[in-house]
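Heads up, the thing below is written out as structure tokens.
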Amino acid sequence: MSDSPSARHFAALDGFRGVAIVLVMWSHFITAGGIVDKGNAFFRFLHGGFVGVDMFFVLSGFLITGILLDAPKTGARYFSVFYLRRAVRIFPLYYAVLIGVFLTRPAGPDSPWWYWLFASNIGATLKHDWLVSPPGVNLSHLWSLAVEEQFYLVWPLLVRFLPRLTLEKICLGCLVIAPMTHFALHFSGNPVGAYLFTPTRLNTLAAGAWLAILYRDPIRWDRWMARAPMLAVVTGLVMLAGILFPEQVSLVPFSPFFWGALLMLALRPASPVWRMLSGRCWVVFGKFSYGLYLLHYLFDPWLKGPVYEWIAVHTPGPPVVPLLAFVLAGFLLTFAAAWLSWQALERPMLSLKRFFRY
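Mapped onto UniProt numbering, the consecutive letters of the sequence shown carry residue numbers 1 to 358.
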């Protein structure tokens, strides 16, 4: 407990990120493979990997808040270093994807500026529907990056100027207000906004932020760590039940508690969760998770068209066999693309971080 998370590297947190990206990719590839019966409980179970986005938000809230709490609070470098390091991590691949997309195809009916300005979730909320991607690609998944970038605009200011007790109160308030905002939008006829709008997602980001504050108080951290296994079991069962019901409303208030408890256990050396998430497979997926996330859904129309049709024709057996073959092909193709992205763009750009230190 002597070192803060922002000053150390935790393999289990890479693994946590790895599980998140695998869940999201599985969910999207299952849907792209033709299983779209949302009235079927088994489909909802298979499609339940979408909760991996909540894992990303909890982890992001934890890591970003930790960095901000540990950064010197005097001078302009508090803001400049933070934003430069975020830009080096997020912008190169994100804008490379957008440039590649909008240079090679028409923009579609919705303004591309929603994507350029990290505001696609706002555009979809105002539209009460998903933005229409340019022909032949799918940019709908970029909403989660928009949420994070909007969070980065505000949260560093609050951490810089407010005492930790006030930050804790804000975090706990978000755990209540965000689900209320979600339900208000959902039941007023805007389920897309309920899913995408940043205020409805603040509970997961706030849960991670609160854990970052808690981590820096060893006595309170240990007290909550003792409760984490039971909290994970109880909220996990509620989450599982929620996935199996059509409205899936129980996921909204309980998701940050489940993933938050799991994150705590990932930071507990020798715990079963720590051992599992420290495994090489999950750590490798975590390392390439940003490229995997950006690229895996990009060519969704192509994957669920020619690729799936070819696999379905050339793979014998019941329908589940070509579906699983398609999911495997999607993982392999995306991993290859993410590896190339890492070697050619992400790693060289990340090396620039050495010039931006607190």
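Even for Gly, the Cβ is constructed at its ideal location relative to N, Cα and C.
Bear in mind the structure is a predicted one, so any value in this text is a computation, not a measurement.
Runs of 4 residues minimum, wholly inside the segment 153-226: which ones carry the alpha helix (DSSP H) assignment?
164-187, 191-196, 198-215
For residue 15, which of 49, 281, 344, 196 has the nearest alpha-carbon?
281
Residues in the same chain with beta-carbon distance under 6 Å from residue 171, minus the five sequence neighbours each way, listed in chain order, please.
Counting only Cβ-Cβ distances below 6 Å, and skipping sequence neighbours, we find 206, 209, 210.
CA-CA distance, residue 358 and residue 213?
Going by the C-alpha atoms only, they are around 20 Å apart.
Can you tell me the Cβ-Cβ gap for residue 147 and residue 198, rounded? I've got them flagged as a contact below 8 Å.
5 Å
Cutting at 7 Å between CB atoms, please list the residues of its own chain near residue 232, excluding the five before and the five after it.
258, 261, 262, 265
Does residue 344 come out as helix, strand or coil in the three-state DSSP assignment?
Of the three classes helix, strand and coil, the one that applies to residue 344 here is helix, per DSSP.
Tell me which same chain residues have a C-beta within less than 6 Å of the C-beta of residue 55, skipping the five on either side of it?
20, 259
How about residue 340 and residue 89: are their beta carbons less than 8 Å apart?
no
Spatial neighbours of residue 71 within its chain, please: C-beta separation below 6 Å, excluding the five flanking residues on both sides.
78, 358
Measuring alpha carbon to alpha carbon, tell me which of 26, 255, 105 ends up nearest residue 359.
Because the chain is modelled from 1 through 358, residue 359 falls outside the range shown and cannot be assessed.
Under the three-state reduction of DSSP, which class applies to residue 130: helix, strand or coil?
Note: residue 130 maps to coil in three-state DSSP.
Terminal residues of the continuous alpha helix (DSSP H) containing residue 70?
Run containing residue 70: 52-70, per the alpha helix (DSSP H) assignment.
Excluding five sequence neighbours on each side, which residues of the same chain lie with their C-beta closer than 6 Å to the C-beta of residue 29?
327, 330
Of all the options 145, 67, 51, 52, which has the alpha carbon lying nearest to the alpha carbon of residue 91?
Answer by Cα proximity: 145.
What residue range is occupied by the uninterrupted alpha helix (DSSP H) comprising residue 89?
Looking at the DSSP string, the run of the alpha helix (DSSP H) that includes residue 89 is 77-104.
Are the CB atoms of residue 346 and residue 305 nearer to each other than 8 Å?
no
Would a C-beta distance cut-off of 8 Å place residue 251 and residue 243 closer than the cut-off?
yes
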